[in-house]
Amino acid sequence: MARPLTVVTGGSRGIGAATCLRLASDGHDVAVGYVRDAEAAERVVDAVRAAGGRGLAVRVDTSVEADVDRLFATVERELGPVTGLVNNAAVTGPLGRLADTATADVRRVVEVNLLGALLCARRAAQLMTPRGSGVIVNVSSAAATLGSPGEYVHYAATKAAVDALTLGLAKELGPDGIRVNAVAPGVIDTEMHATMGDPERAHRAAATIPLRRPGRAEEIAAAVAWLMSPDAAYTTGAVLRVSGGR
Numbered sequence: 038m039a040r041p042l043t044v045v046t047g048g049s050r051g052i053g054a055a056t057c058l059r060l061a062s063d064g065h066d067v068a069v070g071y072v073r074d075a076e077a078a079e080r081v082v083d084a085v086r087a088a089g090g091r092g093l094a095v096r097v098d099t100s101v102e103a104d105v106d107r108l109f110a111t112v113e114r115e116l117g118p119v120t121g122l123v124n125n126a127a128v129t130g131p132l133g134r135l136a137d138t139a140t141a142d143v144r145r146v147v148e149v150n151l152l153g154a155l156l157c158a159r160r161a162a163q164l165m166t167p168r169g170s171g172v173i174v175n176v177s178s179a180a181a182t183l184g185s186p187g188e189y190v191h192y193a194a195t196k197a198a199v200d201a202l203t204l205g206l207a208k209e210l211g212p213d214g215i216r217v218n219a220v221a222p223g224v225i226d227t228e229m230h231a232t233m234g235d236p237e238r239a240h241r242a243a244a245t246i247p248l249r250r251p252g253r254a255e256e257i258a259a260a261v262a263w264l265m266s267p268d269a270a271y272t273t274g275a276v277l278r279v280s281g282g283r
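Quick note: to get this note's numbering, add 37 to the position in the sequence shown (first position is 1).
Structure follows, in structure tokens:
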């Protein structure tokens, strides 16, 4: 059988990079979507190849329709038909109360986390539907149900929308042989916290997590990989919470 070919947006770091490596070890060829750090993306591609898969890095701003179209066109031209999408690209903006958040930051979070997820899912659906098969996994967040007051209510709102996208699209695409699920991570120890302006946030949060520690990117990647796998063949429309009990 041909190897699955999966596009992972936001694949150059954190959960995205861990997912690329896990999928490669599970037998996938992987296209790494990234927005800024070409060197980091190429390191992930090298690791994918070392694991036995074909790899390709493509620069893409998922909030831009032309970029999304170019991403999928490049992958299909260079590697072949896309069989899977991990909709992982996301931003948070600085931590703080919504009342103090700049409109530009709110707009960017909505454009990347929601519009970007919609554009990527739509393009994947357009390609997968005529083929009668495919898998989409959206990366949501436990924030979707917790609300994240005082930190990033706007981010939480976009992730709640991703959950709705997951459910609706699963029902819409199920008759076409396409499964759509989501993973909702809790507090994960990645560089995203430093980007928010609070590098120690994940470890401070440990006291509020029943398992008393932040999660690791590899633990989220494992959940994504299961949802992408034949073992999850009867699973669609699910939001799998991987949050240490929080």
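Where is the CB? At the ideal position from N, CA and C, for every residue including glycine.
This one's a predicted model, so the numbers in the text were calculated from it and none came from an experiment.
A distance below 7 Å between beta-carbons, with the five flanking residues on each side excluded, links Ser49 to the following residues of its chain, in chain order: Val69, Tyr71, Asp74, Ala77, Ala78, Val81. Straight-line measurement puts the Cα of Val128 at about 29 Å from the Cα of Gly117.
For Ala221, the closest of Thr120, Arg40, Val174, Met265 by C-alpha to C-alpha distance is Val174. The three-state secondary structure of Tyr71, taken from DSSP, is strand. Going by DSSP, Gly205 is part of the alpha helix (DSSP H) stretching over 190-210. Taking 8 Å as the cut-off, the beta carbon of Val261 is found closer than this to the beta carbon of Thr56. Taking a cut-off of 8 Å on C-beta distances, the segment 245-256 does not touch the segment 189-201, as fewer than three cross pairs fall below it. With respect to the 8 Å criterion, Val95 and Ala61 are not classified as neighbours on the basis of their beta carbons. Within its own chain, the residues whose Cβ lies closer than 8 Å to the Cβ of Val119, once the five positions on either side in sequence are excluded, are Leu42, Thr43, Val44, Ala68, Phe109, Val112, Glu113, Ala161, Leu164, Met165, Gly171, listed in chain order. Bridge pairing for Gly92: Val67 [DSSP]. In the structure shown, Ile173 adopts extended strand secondary structure according to DSSP, grouped into three states. Beta-bridge partners assigned by DSSP to Thr43: Val67, Gly121. Residue pairing by DSSP places Gly252 opposite Ile225 in a beta bridge. Around the beta carbon of Tyr192, 16 or more other beta carbons lie within 10 angstroms, which makes this residue buried.
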